[in-house]
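The block underneath contains the structure these notes are about, expressed in structure tokens.
Chains as they are written, first to last, in full-length UniProt numbering: chain A, 1 to 291; chain B, 1 to 417.
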């Protein structure tokens with residue numbers, strides 16, 4: 001027995017303890033991913049048997065399928081809007097509530113949408129935003145204003161789903177920022193006060209640098225969420241009007257479960273995963289380098 | 001022979017002998033999208049069938065998940081014996097060998113007892129695949145209270161008349177939004193609210209959607225292009241817009257819509273006591289040669305069923321009139337306000353009410369042409385709906401848009417035909 005080895009059987013024991021986790025990973029991660037990669041090189045509807053088509057699904061999606069390319073653009077718009085507006089908003093809310101009375105109550109209120117079923121949220125906002133009967137346009141009508149066509153105009157439909165997504169997710173990110181803000185040592189603020197730092201200077205030079213890990217985490221996870229999220233859009237606009245809110249994850253879902261094109265859906269999902277991976281890596285490095 | 005070998009052999013033999021017995025004992029499974037409550041009359045028949053037959057049980061699969069559930073079940077080797085197939089799913093199910101061909105007796109039963117259009121709905125490439133069950137037909141449904149208020153006593157019979165009436169009914173509020181709509185298209189995620197009326201109007205224009213062998217689309221034809229233009233005119237001339245939804249008809253703010261019979265119960269609920277007086281069903285307003293579209297569900301048997309003969313017997317049992325009374329299926333459909341295309345059941349059922357009678361007449365007079373059974377029907381109808389919407393809102397001209405659509409649709413057809 002070598003000096004570094006543990007007791008006899010320790011090697012097997014560690015594998016035994018790891019086995020449930022490994023089994024889970026194999027069954028629920030590696031096998032489905034491997035099957036999905038395999039399917040992306042095939043043409044298959046689940047009624048028959050897959051037929052090998054090589055790279056044709058990728059070639060079709062990237063060179064001939066305008067709907068797919070448009071869905072990629074829509075995905076970027078959705079994710080970008082979600083991050084650019086949603087992350088500062090969550091940070092702002094966390095900052096305001098960290099100094100507010102009854103902050104626990106405020107945080108709970110803002111977290112409530114997270115506890116609600118996303119389909120219920122979609123229907124709720126459909127009622128609020130309906131062009132003719134919606135609460136917002138009815139109220140605007142009372143003061144003589146014609147409200148936007150929230151769900152039937154292509155541009156406004158994208159704005160609507162981004163805003164609802166921000167509303168839905170703000171509470172979660174706010175809690176992460178709140179935890180980070182609570183962890184900042186009060187002595188640092190006291191020292192800054194003694195040195196005559198303004199509130200803006202304190203925020204810029206003390207708070208933000210200290211909570212940067214939380215900021216990186218929230219930004220990257222929000223971006224990944226935005227790139228892959230489609231349940232809200234499916235229930236709220238169905239990808240319409242005229243494909244204006246059709247994001248790539250929704251495209252892949254439809255391709256798989258409505259059009260029964262599992263091969264093309266897998267290829268679309270892999271392209272999306274690759275795009276998310278590359279951008280998340282760039283984002284992570286950029287944000288880390290700055291720190 | 002060792003003890004373990006003996007036990008192993010015995011177990012294998014017992015399993016082999018037991019397997020067929022177990023399959024025979026298992027009740028036949030009928031998978032439909034109706035809820036247990038809706039299917040109560042049918043379930044009662046299935047329960048009774050168990051007393052003197054192999055037994056049968058009902059399996060509910062929601063409409064939206066039907067095909068996916070069937071596919072998953074088949075992959076797991078747990079397919080039902082009998083399906084209730086929406087006709088546009090049929091081409092894919094047939095192409096992949098999911099459905100069994102019916103015996104000659106069932107084929108004769110259908111061809112002799114159902115309207116030709118409905119037989120087409122259950123027919124793929126010249127072969128009948130099951131017994132038609134629920135049929136839906138599109139007709140013009142009018143809110144006569146609004147028509148009378150605008151000075152019209154009868155529903156329109158031509159498109160020009162309908163435009164004139166709709167224009168007279170439509171009112172707008174101070175923000176220029178439509179308050180009362182003379183006409184409305186139905187909004188649905190599948191696009192059926194636009195596509196189904198488009199089929200009905202195209203058929204009325206003398207056109208068709210696909211060539212008989214399905215290798216070509218006919219969406220750039222004069223009939224299809226003219227139809228897209230007719231639909232677009234309703235929006236571009238301010239008579240209606242896509243923020244108005246025909247499914248709001250029961251609320252009373254919509255003058256006319258092209259809608260299927262299955263929406264009767266919602267309209268009846270909305271209009272209450274005024275239903276008989278204020279709701280009228282009439283021909284598609286395209287003149288004397290009007291046609292319409294029908295779609296159907298049909299009962300088929302899984303090709304992997306180990307008791308296909310018993311399954312076909314059950315299918316026939318459920319769809320045959322019972323000593324002058326309607327069949328189990330017709331009894332259930334009648335309770336739902338839905339239609340059967342069986343002439344024997346139509347005769348056995350009480351006379352249709354004023355709302356339903358025009359739908360029944362459209363079937364009997366062969367005015368109702370089947371929704372095309374084509375591979376990737378759902379995907380193709382999604383493309384058609386998108387193009388129609390673009391034309392209707394004025395993002396595209398009817399001619400070039402339908403030409404481009406025709407090419408896109410033929411790209412998909414070329415994969416299969």
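A virtual CB, placed ideally from N, CA and C, is assigned to each residue, including glycine.
query	result
Cα-Cα, which of 179(A), 280(A), 283(A), 268(A) is closest to residue 38(A)?	268(A)
By the 10 Å Cβ neighbour count, where 16 or more other Cβ atoms means buried, how is residue 179(A) classified, buried or exposed?	exposed
Near residue 254(A), which residues of its chain fall below 6 Å by C-beta distance, leaving aside the five closest residues on each side in sequence?	none
Would you check if there are 3 or more beta carbon pairs closer than 8 Å linking the region 293-313 of chain B to the region 152-169 of chain B?	no
Anything in chain B within Cβ reach of residue 241(A), meaning under 9 Å, just list it in chain order.	242, 389, 393
State the Cα-Cα distance for the pair residue 293(B) and residue 228(B), rounded to the nearest angstrom.	16 Å
Mind checking residue 179(B): buried by the 16 CB within 10 Å criterion, or exposed?	exposed
Which whole-angstrom value describes the C-beta separation of residue 78(A) and residue 226(A), a residue pair presumed to lie in contact below a C-beta threshold of 8 Å?	6 Å
Taking 7 Å as the limit between beta carbons, can you name the residues of its chain near residue 188(A), skipping five residues before and five after?	206
With DSSP as the reference, label residue 416(B) as helix, strand or coil.	coil
Give the DSSP-derived three-state secondary structure of residue 77(A) in the structure shown.	helix
With three or more C-beta pairs closer than 8 Å as the rule, is the region 124-132 of chain B touching the region 262-269 of chain B?	no
Bridge partners for residue 43(A) per DSSP, in chain order?	51(A)
Out of 209(B), 204(B), 144(B), which one is the CA nearest neighbour of residue 154(B)?	144(B)
Please identify, using Cβ separations under 8 Å, the residues of the region 14-47 of chain A that lie next to chain B, in order along the chain.	45, 46, 47
With a cut-off of 8 Å, do at least 3 Cβ pairs link the region 43-63 of chain A to the region 193-202 of chain A?	no
Taking the alpha carbon of residue 220(A) as the reference point, which residue from 114(A), 36(A), 279(A) has its own alpha carbon closest?	279(A)
Quickly, what does DSSP pair residue 322(B) with across the bridge? List them, please.	325(B)
Since residue 228(B) is in the alpha helix (DSSP H), which residue starts that stretch and which ends it?	222-236
For residue 326(B) versus residue 334(B), is the C-beta spacing smaller than 8 Å?	yes
In whole angstroms, what separates the C-alpha of residue 96(A) from that of residue 124(A)?	27 Å
Roughly how many angstroms separate the alpha carbons of residue 41(B) and residue 356(B), rounded to a whole number?	21 Å
Could you tell me the alpha carbon to alpha carbon distance between residue 35(A) and residue 27(A), rounded to whole angstroms?	11 Å
Compare the C-beta of residue 99(B) against all C-beta atoms of chain A and say whether one is closer than 8 Å.	no
In whole angstroms, what separates the C-alpha of residue 149(A) from that of residue 156(A)?	7 Å
Beta carbon of residue 245(A), beta carbon of residue 165(A): below 8 Å?	no
Residues of chain A with a CB under 9 Å from the CB of residue 237(B): which are they?	Residues of chain A passing the Cβ test: none, with the nearest at roughly 18 Å.
What is the residue span of the alpha helix (DSSP H) that residue 259(B) lies within?	Element bounds for residue 259(B): not the alpha helix (DSSP H) but the beta strand (DSSP E), 254-260.
Any contact between the region 336-351 of chain B and the region 55-70 of chain B? By contact I mean 3 or more CB pairs, one from each, below 8 Å.	no
Mapping the DSSP letters down to three states, classify residue 275(A) as helix, strand or coil.	helix
Taking 8 Å as the cut-off, decide whether the C-beta atoms of residue 67(A) and residue 243(A) are in contact.	yes
Between the alpha carbons of residue 72(A) and residue 364(B), how many angstroms are there, rounded?	49 Å
Of all the options 190(B), 173(B), 197(B), 176(B), which has the alpha carbon lying nearest to the alpha carbon of residue 184(B)?	197(B)
Can you tell me which of the three DSSP states residue 13(A) falls into?	helix
Per the DSSP calculation, residue 298(B) is bridged to which residue(s)?	85(B), 132(B)
Strictly below 7 Å CB to CB, what residues from chain B border residue 149(A)?	243
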